[in-house]
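Enquirer:
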Amino acid sequence: MASVLVVEDDQFVRSALIRHLTEASHTVRSVGTALEALREVAQVGFDVVILDLGLPDLDGSEALKMLRGLSDVPVIVATARDDETEVVRLLNAGADDYLVKPFSVEHLSARLAAVLRRANGRGGSAGAEALIRVGGLEIDVRRRLAALDGVGLDLTRREFDLLTFLAARPGEVVARRELLAEVWQQSYGDDQTIDVHLSWLRRKLGETAARPRYLHTLRGVGVKLEPPA
Ligand code: CA
């Protein structure tokens with residue numbers, strides 16, 4: 002469940018979006034112009050914005066840029082143009098994801114879920130825990146600080162992201178593929194990258210693969226973080 006701002010001037014598309022999002026138990030606000038959208042975002046904290054690029058008052062990418070100047074709220078842009086250059090341009094301009102019109106309800110749901118999941122992973126406003134505690138491990142997500150048994154850990158950015166991602170779901174086995182997608186934001190790559198980072202992280206936590214305390218590797222399945230027994 003998330004709070005969603007729908008920015009769409011087409012009354013028909015707008016009602017359909019509102020209906021679907023409400024049915025999926027999200028709370029929805031909707032506006033029809035970029036200026037109204039900017040005003041809303043400045044005043045209300047949304048979990049995600051769905052932004053139509055063909056608005057009557059401002060060019061879509063201009064609207065996106067202005068929105069980015071106000072907030073780092075995740076933005077899914079809805080565009081009628083399905084060409085790679087356009088999509089790359091939008092992602093570079095700060096869009097988190099995109100939908101090509103006309104899109105199905107299933108497509109929208111999938112994109113929305115992915116964006117919210119990523120926002121959670123990076124400690125966004127979508128209900129992410131600001132402080133994670135697992136056993137003697139303490140992670141201050143917003144300030145990007147981690148400590149073990151009261152002693153601060155000196156982690157690289159990637160190690161911190163990896164630790165936070167795993168610690169946010171203690172006891173849950175996470176596949177390497179998922180780590181690659183969520184922490185590295187890559188849809189493909191080799192497991193070695195992850196194994197190397199895991200071993201560095203392990204060393205900083207003062208443990209080894211043979212004698213794990215927090216980080217447990219399940220061969221051929223994935224990795225999980227849980228407090229020592
Ligand atoms: Ca439009």
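Going letter by letter, the sequence shown gives residues 2 to 230 in our numbering. Every residue, glycine too, gets a C-beta built ideally from N, C-alpha and C.
(1) Among L206, E183 and V222, which has the Cα closest to the Cα of G136?
(2) Is E37 helix, strand or coil when you go by DSSP?
(3) According to DSSP, simplified to helix, strand and coil, what is T80?
(4) With a threshold of 7 Å (Cβ to nearest heavy atom), would E87 be considered close to ligand 1?
(5) Taking buried to mean at least 16 other C-beta atoms within 10 Å of its own C-beta, is E85 buried or exposed?
(6) Please classify L216: does DSSP put it in a helix, a strand, or coil?
(7) Could you tell me which of Y99, L164 and L22 sits nearest to I195, measuring between CA atoms?
(8) Answer yes or no: the CB of L91 versus the heavy atoms of ligand 1, is any distance below 7 Å?
(9) Name the one or two DSSP bridge partners that A60 has.
(10) How big is the Cα-Cα spacing for T157 and V76?
(11) In three-state DSSP terms, what is V116?
(12) Rounded to the nearest angstrom, how far is the Cβ of A3 from that of H27, given a contact under 8 Å?
(13) Is the Cβ-Cβ distance between L59 and A35 less than 8 Å?
(14) Give me the DSSP bridge partner(s) of D141.
(15) Go ahead and pull the three-state DSSP assignment for T165.
(16) Would you say the beta carbon of D10 comes nearer than 7 Å to a heavy atom of ligand 1?
(17) Using a 10 Å radius around the Cβ and a threshold of 16 neighbouring Cβ atoms, would you call G128 buried or exposed?
(18) Which first and last residues belong to the beta strand (DSSP E) in which K102 is found?
(19) How many whole angstroms separate the CB atoms of V45 and L68, which I take to be in contact at a CB cut-off of 8 Å?
(20) Tell me, please, which residues DSSP counts as bridged to L226.
Expert: A quick look at the data gives this:
(1) As a working mapping, residue 136 is identified with position 135 in the sequence shown. If we check each option's Cα against that of G136, L206 comes out closest.
(2) Numbered from 1 along the sequence shown, position 36 holds the residue referred to as residue 37. Note: E37 maps to helix in three-state DSSP.
(3) Your numbering for residue 80 matches position 79 in the sequence shown. T80: strand per DSSP, three-state reduction.
(4) To locate residue 87, count along the sequence shown from 1; it is residue 86. It does not: the Cβ of E87 is nowhere closer than 7 Å to a heavy atom of ligand 1.
(5) Here residue 85 is taken as the residue at index 84 of the sequence shown, counted from 1. So E85 ends up on the exposed side.
(6) Stepping through the sequence shown from its first residue, residue 216 is reached at position 215. In the structure shown, L216 sits in a strand (DSSP, three-state: E or B).
(7) Translated into positions along the sequence shown, residue 195 becomes position 194. That would be L164, whose Cα lies nearest to the Cα of I195.
(8) Translated into positions along the sequence shown, residue 91 becomes position 90. Every heavy atom of ligand 1 is 7 Å or more from the Cβ of L91, so no.
(9) The count along the sequence shown starts at 1 and reaches residue 60 at position 59. A quick correction: the sequence has Asp, not Ala, at residue 60. In the DSSP output, where bridge partners are listed per residue, D60 has G55.
(10) Indexing the sequence shown from 1 puts residue 157 at position 156. Indexing the sequence shown from 1 puts residue 76 at position 75. Going from the Cα of T157 to the Cα of V76 covers about 27 Å.
(11) Here residue 116 refers to the residue found at position 115 of the sequence shown. The three-state reading of DSSP puts V116 in helix, counting H, G and I together.
(12) Position 2 of the sequence shown, counted from the start, is the residue given in the question as residue 3. Position 26 of the sequence shown, counted from the start, is the residue given in the question as residue 27. Yes, they are in contact, since the Cβ atoms of A3 and H27 sit about 5 Å apart, within 8 Å.
(13) Within the sequence shown, the letter at position 58 stands for residue 59. Within the sequence shown, the letter at position 34 stands for residue 35. Yes, these two residues count as a Cβ contact at 8 Å.
(14) The residue you call residue 141 lines up with position 140 of the sequence shown. DSSP output for D141 lists L132 and L146 as bridge partner(s).
(15) Residue mapping note: residue 165 aligns to position 164 of the sequence shown, counting from 1. Correct three-state label for T165: helix.
(16) One-based indexing of the sequence shown puts residue 10 at position 9. Yes, since a heavy atom of ligand 1 falls inside the 7 Å radius drawn around the Cβ of D10.
(17) In the sequence shown, the residue the question calls residue 128 occupies position 127. Note that G128 scores 43 on pLDDT, short of 50, meaning its location in the model is unreliable; the coordinates nonetheless yield the value given after this. Per the 10 Å Cβ criterion, exposed.
(18) Counting from 1 along the sequence shown, the entry for residue 102 is found at position 101. Unbroken run through K102: none, as it is neither H nor E.
(19) Counting from 1 along the sequence shown, the entry for residue 45 is found at position 44. Counting from 1 along the sequence shown, the entry for residue 68 is found at position 67. Incorrect: roughly 13 Å between the Cβ atoms, too far for contact.
(20) The residue you call residue 226 lines up with position 225 of the sequence shown. Note: L226 sits in a beta bridge opposite L216.
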